[in-house]
Amino acid sequence: MADRARPRLLILGGGAGGLELAGALAAEGSYAVTLVDQSPAHLWKPRLHEFAAGTVDSMLSEISFYTLARLRGFRFEQGSVARIDRQGRRVQLRPILDLDGRERAAARTLSYDVCVVALGGITADFGTVGVAQHAIRLDGREDADAFRSLFTGLMIHARETREPARVVIVGSGATGTELAAHLRLAETAFPGEDPANMAPRLHLTILEAAPQLMPGADDPLRHSVLERLRTLAVEVATGVRVTAVRADAVQAEDGRVWPSDLTVWAAGLIGNPVLRQLGDFELDGKGRIRVDARLRSTVDEAVYVMGDAASLTPVGDNRPLAPTAQVASQQAAYLARGLPRRLKGHRVDPFVYRDRGQLISLASAGTVGLLGLLDRRDLLVGGRFAIAAYHALQRRHQWAVLGPVRGSVAIFADAVGPTHGPALKLHG
Ligand SMILES: Cc1cc2nc3c(=O)[nH]c(=O)nc-3n(C[C@H](O)[C@H](O)[C@H](O)COP(=O)(O)OP(=O)(O)OC[C@H]3O[C@@H](n4cnc5c(N)ncnc54)[C@H](O)[C@@H]3O)c2cc1C
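So, in structure tokens, the structure goes:
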């Protein structure tokens, strides 16, 4: 319903950042908020590897945008964003097609006074031969479903033939390491008829181009993760520059070859390709829209950009903020405070990112992390404390998305569910 008494705020993308912002601004009330997403349901992307492995275990795994819009008081418009007409302050959505490619709903146009681009990013293949054809990249729900289906088939085949399945993961960041640990856990879902015969059914390898596991991570965390991966019998090879992915193997520059039944490409992130088509925005080398210190696009003050879609280099740093949910969530909180202030003509301070640290969940091998203390990442945590910290982080997301009352109910339901524990982690 039109609400011309208030300025129209259009949020493009209901992921980790966009959805938190929509809920907060709808509750605040200064703007008539419309959220656009191509999917009908919000999926918490940091859990994609758990969807892929089949180990996901939280009530907030996936939740309908239509339901959330009703609960939180914003409007939801399902559709794929094509372009932003900056002069006319309109966003064009593509037509909706059915499975046969027939048009079911015509292209639409949505008008705005303020627009926030929160369209996320994708995994980059750096032009590596065969990645598009033979590897899975975990960028969306469909990728996780495709992986899960292939993995299930492989594990059943391995159980029947007693030939281990080989999964190779390229990239040893948080996604690669956590996926490996969750696959080891998922393996237990395929027991043989003879429990005494526990021959390994799954061979897991992580390949990393950098000289060390988890490039960019602090040493204590890296060592702890490596130790835990060893206990899970995950082979780790570093200094491996992959040049090609084939249907049955991964090939490195130095000629080495890793046979692979299923390859996951988890090396590096770039901006969503749609950002290039949106308009005349200034992009960085990774295809993300450059923003100023208040998250406004450098070419238009009415268009804000946040999360993985934004390129913001903090003063004194030499590279943009990493694409993490931690950044997206802090930017959502910042805009939720700043946009109403701006409307009232108040001064809005620049965005300041606070690095809260890095937590890695390695399924049965536990959770480990470095938490920021006095703005430094200097507290290595493990055991129950790390698990509690890890859980606390997704609790924040649940609160932001569902609001305090429903958020508390969801958290309680998670806690008493047959399996429990959310899976929002931080990683830098
Ligand atoms: C497997 C995995 C594990 C991760 N683990 C962590 C972690 O532990 N900690 C952490 O901090 N970060 C983690 N991340 C990174 C984190 O998920 C992202 O940084 C975060 O989701 C970015 O939020 P966002 O709002 O910018 O974009 P996203 O959450 O990606 O949301 C983008 C939204 O835009 C929608 N969209 C895309 N294109 C269009 C279009 N053309 N039209 C309409 N809608 C569109 C999508 O459907 C989606 O809902 C992980 C990422 C992956 C893939």
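For what it's worth, the numbering used here labels the leading residue of the sequence shown as 299, then goes sequentially.
Every residue, glycine too, gets a C-beta built ideally from N, C-alpha and C.
On a predicted model such as this, the values are computed, not experimentally measured, just so you know.
For S337, the shortest C-beta to heavy atom distance toward ligand 1 is below 8 Å. Closer than 8 Å to some heavy atom of ligand 1: that describes the Cβ of Q624. In this chain, the alpha helix (DSSP H) harbouring G474 covers A472 to E485. By the beta-carbon neighbour count (other beta carbons within 10 angstroms, threshold 16), P621 is buried. Per DSSP, the unbroken beta strand (DSSP E) holding P557 starts and ends at V555 to P557. For S447, the enclosing alpha helix (DSSP H) starts and ends at R439 to T459.
Per DSSP, G419 is one residue of the beta strand (DSSP E) stretching across G419 to T421. Remark: the C-beta of G313 is in contact range of ligand 1, defined as less than 8 Å to any heavy atom. Put simply, the region 455-475 touches the region 560-573. At least three CB pairs are less than 8 Å apart. The C-beta separation of D582 from S558 comes to about 32 Å, leaving the pair out of contact by the 8 Å criterion. Annotated as distal: A478 and I658, with beta-carbon spacing of 9 Å or more. For E318, the uninterrupted alpha helix (DSSP H) run begins and ends at G316 to E326, by DSSP. Using a Cβ distance threshold of 9 Å, A351 and L481 count as a contacting pair. Annotation: the continuous alpha helix (DSSP H) that includes R528 extends over D517 to T529.
In this structure, the C-beta of G419 approaches ligand 1 to less than 8 Å from one of its heavy atoms. Counting along the chain, F374 sits inside the beta strand (DSSP E) bounded by residues R373 to Q376.
By the 16-neighbour rule on beta-carbons within 10 angstroms, Y329 is buried.
Distances taken from the Cβ of G316 to the heavy atoms of ligand 1 include one shorter than 8 Å. According to DSSP, Y632 shares a beta bridge with no other residue. Annotation for L307: the continuous beta strand (DSSP E) segment containing it runs R306 to L310. The beta carbon of R392 is closer than 7 Å to those of G377, S378, A380 and A405 in its chain, skipping five residues each way along the sequence. Put simply, the backbone Cα of P489 is about 12 Å away from that of R460. The criterion of a C-beta distance shorter than 9 Å is satisfied by I382 and V415.
V597 is the residue among V597, R592, G569 and V572 whose C-alpha sits nearest the C-alpha of D578. Contact check between the region 537-544 and the region 503-513: three or more CB pairs, one atom from each, fall below 8 Å, which counts as touching. Between the beta-carbon of A623 and that of P344 there is about 5 Å, and that keeps the pair under the 8 Å contact cut. Runs of the alpha helix (DSSP H) lying entirely within the region 340-415 and spanning at least 4 residues, in chain order: 346-351 and 363-370. A direct Cα-Cα distance of roughly 17 Å separates E375 from R387. Here the alpha carbons of R499 and P462 stand approximately 4 Å from one another. Secondary structure at S627: helix, using DSSP grouped into helix, strand and coil. A check of alpha carbon separations from A324 across A631, V646, R592 and V625 identifies A631 as the nearest. Closer than 8 Å to some heavy atom of ligand 1: that describes the Cβ of K343. For L657, the enclosing beta strand (DSSP E) begins and ends at G655 to S659.
Membership of A303 in any beta strand (DSSP E) is not indicated, and neither H nor E is assigned to it by DSSP. Ranking K584, P612 and Q629 by CA distance to the CA of M604 puts Q629 first. One Cα belongs to V589, the other to S595, and the distance between them is close to 4 Å.
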